[in-house]
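Notes follow the structure.
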Amino acid sequence: MTARDSMTFWAWGAMTALLAANALFLFFLLLPTRGAHLDLEARIRDLEGNAQRLQQEGRTSETLLTAMREVEEFLQGFPRRADLVGLMGRLTKLAGSLALHVPDTDYRPSEIKDAGLTKVTVQMGVEGAYDKIRRFLYELEGMRRFLVIERLSLKDLKGTATLQVQLQLAMYLR
Numbered sequence: 002m003t004a005r006d007s008m009t010f011w012a013w014g015a016m017t018a019l020l021a022a023n024a025l026f027l028f029f030l031l032l033p034t035r036g037a038h039l040d041l042e043a044r045i046r047d048l049e050g051n052a053q054r055l056q057q058e059g060r061t062s063e064t065l066l067t068a069m070r071e072v073e074e075f076l077q078g079f080p081r082r083a084d085l086v087g088l089m090g091r092l093t094k095l096a097g098s099l100a101l102h103v104p105d106t107d108y109r110p111s112e113i114k115d116a117g118l119t120k121v122t123v124q125m126g127v128e129g130a131y132d133k134i135r136r137f138l139y140e141l142e143g144m145r146r147f148l149v150i151e152r153l154s155l156k157d158l159k160g161t162a163t164l165q166v167q168l169q170l171a172m173y174l175r
């Protein structure tokens, strides 16, 4: 064997050894880390999905919280139950200021389940001139936030310029 053949043999041997070392490096070091890398990628995708779901739940919670605040603000627009006597006085005072006579007034409270409100049904008789009664009804309509005219009946008193009105009102109190 000549020196050149010997060098070629050593070069081929060194290349074979390097190739074997690369194969061992790939097999023992890179392939296990590739599996771990794929596992980490799958875990990252799961965590991103969880984060998106939590963001949606957070938005849903914010929407629910906003809706609850709006309901609370809406309920605050209704008078308190303790103001019932004052409201009844306000109705009769309004009638009196329009020169209307209120011969009788009756009211019955009842709870509205799951709403936190009390409905007060008011039966009220009012007598007076047509234009004054019309103005009274107009003023009642202005209270529509918490007061509803449920029923209205007019009766003409014969021989006079006076009308008799029977009202059924519903007042909503918190």
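Heads up: the sequence shown is residues 2 to 175, going by my numbering.
Positions of the beta carbon are idealized from the N, C-alpha and C atoms, including for glycine.
Contact between the region 62-77 and the region 138-152 is absent, with fewer than three C-beta pairs closer than 8 Å.
The distance from the Cβ of Leu-118 to that of Leu-174 is about 7 Å, consistent with a contact at the 8 Å cut-off. A Cβ-Cβ contact shorter than 8 Å links Tyr-108 with Thr-122. Burial state of Gly-14 is exposed, judged by a 10 Å Cβ sphere holding fewer than 16 other Cβ atoms.
In this structure, the CA atom of Pro-110 is about 12 Å from the CA atom of Gln-124.
Between Gly-126 and Leu-99, the C-beta spacing is not below 8 Å.
Taking 8 Å as the cut-off, the beta carbon of Leu-158 is found no closer than this to the beta carbon of Val-166.
DSSP, reduced to helix, strand and coil, places Thr-93 within a helical segment of the structure shown. Given a length threshold of 3 residues, each whole run of the beta strand (DSSP E) inside the region 111-173 is given here in chain order: 118-129 and 148-157.
DSSP places Ala-22 in the uninterrupted alpha helix (DSSP H) bounded by 4-26. Pairing Leu-66 with Ala-52, the inter-Cα distance amounts to about 20 Å. In the three-state reduction of the DSSP assignment, Arg-109 falls in the strand class. Inclusion of Val-86 and Thr-93 in the CB contact set at 8 Å is not warranted, their separation being larger than that value.
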